[in-house]
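Note that the sequence shown covers residues 16 to 510 in the numbering used here.
Glycine included, every Cβ here is placed at the ideal spot set by N, Cα and C.
Some notes on the structure that comes next.
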Amino acid sequence: MSPSSTDKSGVFVEPAGDDAKDVRVRVRAGRIGIIGAGPAGLAAARVFLETGFPSVTVFERNNDIGGVWYYTSDAVCHYNIPQDSADTALLSNYDERCEITGGFPTPLYNELHTNLPTDNMQFTDFPFPPSTPEFPSRHHVEAYVRAYADAHDLRRLVQLNTEVTNIRYTGNQWQCRVRRLENPTAIVEETLTFDAIVVCSGRISHPYIPDVSGLRTLYQNHPHKIIAAKEFRRPEDHKGQNVLVVGGAFSAFDISRQLSYTVSSLHVSMAPVKDEELNFDGFNKQMIPAVHPLIERYTGTSVVFTDGTEIPLPDLIIYATGYLYMYPFVDNQHPELLACPEAISSKDSTTQMLPLSDGQKTNDLYKYLVYIYNPTLAILGVPFNIAPFPFYEYQSHYLAHLLRGDITLPSFAKMKEEWDSLVHERPGKLVNKMGMDQIPYRNDLLKVVDQACNENDCIPRKRLYYITPDMPWAARLRMPELHREALGYGRNFVS
């Protein structure tokens, strides 16, 4: 049975046993609003179509589909200095359209290659073309994502140049405020309604820039000395400069490797690691970066590190320190505007609702996906260190069957208890670090979907399969040396 636009939509609390306190939560929705037309949004749209939902609308603020894989040849971004939490993040006008493509910038730089091989990265039934390199470039992935949309006729669902500016839940439906950006001199705003909202906007819009002494003053006096990695495009843009890269993860080292062929001096500031963990294969041997510990403070003329050493103030400081979990279309200070009445009425009066995001993590997500205080709101792709495209497919199948009413959830209290236990075990941003845990996670989602399909008159799941750690696909997730060998250099991962 497919969901109908005339079916009663909403969140329903049902008895699950003789005890009145033993309840399950069921959700039904017909009109689906998806925010973002990147790989996650496209995967979700396809599954919702296949599962028979009568209305699926995808909103994309950019002028083409692709999400993070839409490259712009220049990048103008705005952010607060520092920008280290949801409270300090800039919520509007945080980037500008590219002069050439007209698109809003993403973190893609010109020479980017993926850190996953094609068989790990691709959708389950849509392989990369045979000519694609094992570790594809940004060109290959951008074309692949758009080919996926065309193969499944998904563009017709997408409203381009449409920015979602606010969502709130009222009267058992979502009020979704959007701005039409086609004509910048005559922007139109309107409010649309949906039964469920699926957030697929990613986590790369707001750079994380940690605070240290003197940073604000430095930025006030020399704003052009500081950029985020999201703004980096080509190493030749910084020829002859003295550069400090802040960060020790994938993009920080890849950007440093590229810069080693064009800059006059190169420094990297990062958390301490063992010397054997540093690998400078692929760097210009005449420009191996000087590695420093974390920054303690900026003075008017120098950068001082936590070990007491210092360097003269460089020409450019690139913050490759990651991104905040941000949802600019959510009133983060008032999470009750997202909650459904059924969750509010069941909530312990002593339990305070947390903001949807504190910047380091997204709060109160059952199975890393469904908002506990309103299961008609879901956020795809929150965990990191995953094989993203198939990950989105598994989440989308689970979500589609949940919103059809095929799957029931535990009580709000039990979902909250499970989430709190997870946060206690893995505090801060670690709660979203998945790695090889994505294998049992995806298997768990699939098991629930299979059970729902067996118990209900619904379309069996397609494409998905159970994973074991000894499968070649899974084993290759543990083999970063393949990436080094394929591209011919050492630590050059891009996340």
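How is residue i classed by DSSP in three states: helix, strand or coil?
i	result
LEU395	coil
SER411	helix
ASN389	coil
SER542	In the structure displayed, the chain extends from 16 to 510; residue 542 sits before or after that span and is not available.
ASP5	Since the first residue shown for the chain is 16 and the last is 510, residue 5 is missing from the structure and cannot be characterised.
VAL156	helix
TYR480	coil
PRO442	coil
ASP102	coil
LYS429	helix
VAL203	strand
SER88	coil
VAL173	strand
HIS128	strand
TYR252	Residue identity check: residue 252 is Asp in the sequence provided, not Tyr. Here ASP252 sits in helix by DSSP.
ASP290	helix
Out of the options, state which residue places its alpha-carbon closest to the alpha-carbon of residue i.
i	options	result
ARG218	GLY67, LYS444, ASN176, PRO425	LYS444
VAL318	TYR340, LEU339, LEU259	LEU259
GLY315	ARG231, GLY255, ASP165, LYS362	ARG231
PHE320	THR87, LEU309, LEU328	LEU309
GLU197	TRP189, THR177, GLN188, VAL213	THR177
VAL73	VAL156, SER146, GLN174	GLN174
ASP102	PRO403, ASP373, MET449, PRO145	ASP373
HIS93	TYR86, SER107, GLN367, CYS215	SER107
MET368	LYS382, GLY297, ASN389, TYR383	ASN389
ASN471	SER24, VAL213, GLN301, THR66	THR66
LYS23	ASP210, TRP84, ARG161	ASP210
GLY263	PRO222, GLY229, VAL306, SER228	VAL306
VAL71	ASP379, VAL463, TYR413, VAL213	VAL213
LEU331	SER280, ASN378, SER361, LEU339	SER280
ARG457	GLU440, GLU433, ARG441, ILE482	ILE482
TYR383	GLN453, PRO120, ASP37	GLN453
VAL397	THR324, LYS448, HIS253, PRO132	LYS448
SER436	VAL91, ASP322, ASP379, TYR86	ASP379
Within the continuous alpha helix (DSSP H) that includes residue i, where are the two ends?
i	result
ALA264	That residue, ALA264, is in no alpha helix (DSSP H); it is neither H nor E in DSSP.
ALA60	54-65
TRP488	487-491
THR232	230-236
PHE298	PHE298 -> no alpha helix (DSSP H), and no H or E assigned at all.
Note the first and the last residue of the continuous beta strand (DSSP E) segment covering residue i.
i	result
TYR184	177-185
CYS468	Counting along the chain, CYS468 falls outside any beta strand (DSSP E), though it belongs to the alpha helix (DSSP H) covering 453-470.
GLY280	One detail in the question is off: residue 280 reads as Ser in this sequence, not Gly. Run containing SER280: 280-284, per the beta strand (DSSP E) assignment.
SER70	70-74
ILE212	211-214
ARG41	38-43
TRP189	188-195
ILE219	Here ILE219 belongs to no beta strand (DSSP E), and DSSP marks it neither H nor E.
ALA243	241-243
GLU29	25-30
ILE47	46-50
Okay, do the stretch 409-425 and the stretch 24-41 touch, 3+ Cβ pairs below 8 Å being the bar?
The stretch 409-425 is in contact with the stretch 24-41.
Can you give, in chain order, each stretch of the beta strand (DSSP E) that sits fully within the stretch 302-374 and has at least 3 residues?
Counting whole runs of 3 or more residues, the stretch 302-374 contains the beta strand (DSSP E) stretches 305-307, 310-313, 317-320, 325-327, 331-334.
The stretch 252-272 contacting the stretch 329-343, beta-carbon criterion three pairs below 8 Å:
Touching, yes.
Would you say the stretch 427-447 touches the stretch 234-251, given that touching needs at least three Cβ pairs under 8 Å?
Using a C-beta cut-off of 8 Å, the stretch 427-447 makes no contact with the stretch 234-251, since fewer than three inter-stretch Cβ pairs fall below that distance.
Does the stretch 202-211 come close enough to the stretch 235-245 that 3 or more CB-CB pairs lie under 8 Å?
Counting C-beta pairs with one atom in each stretch, the stretch 235-245 and the stretch 202-211 have fewer than three that are closer than 8 Å, which means they do not touch.
Can you confirm whether the stretch 45-52 touches the stretch 141-151 when touching is taken to mean that 3 or more C-beta pairs between the two stretches lie within less than 8 Å?
Counting C-beta pairs with one atom in each stretch, the stretch 141-151 and the stretch 45-52 have fewer than three that are closer than 8 Å, which means they do not touch.
Determine, using beta-carbon pairs with one atom in the stretch 342-356 and one in the stretch 74-87, whether at least three such pairs fall under 8 Å.
When Cβ pairs closer than 8 Å are counted between the two stretches, the stretch 342-356 is seen not to touch the stretch 74-87, the count staying below three.
Pairing CB atoms from the stretch 53-65 with CB atoms from the stretch 392-407, are three or more of them under 8 Å?
With the cut-off at 8 Å, the stretch 53-65 and the stretch 392-407 touch.
Taking contact to mean at least 3 C-beta pairs separated by less than 8 Å, is the stretch 339-352 in contact with the stretch 180-195?
Judged by pairs of C-beta atoms under 8 Å, the stretch 339-352 touches the stretch 180-195, as three or more such pairs exist.
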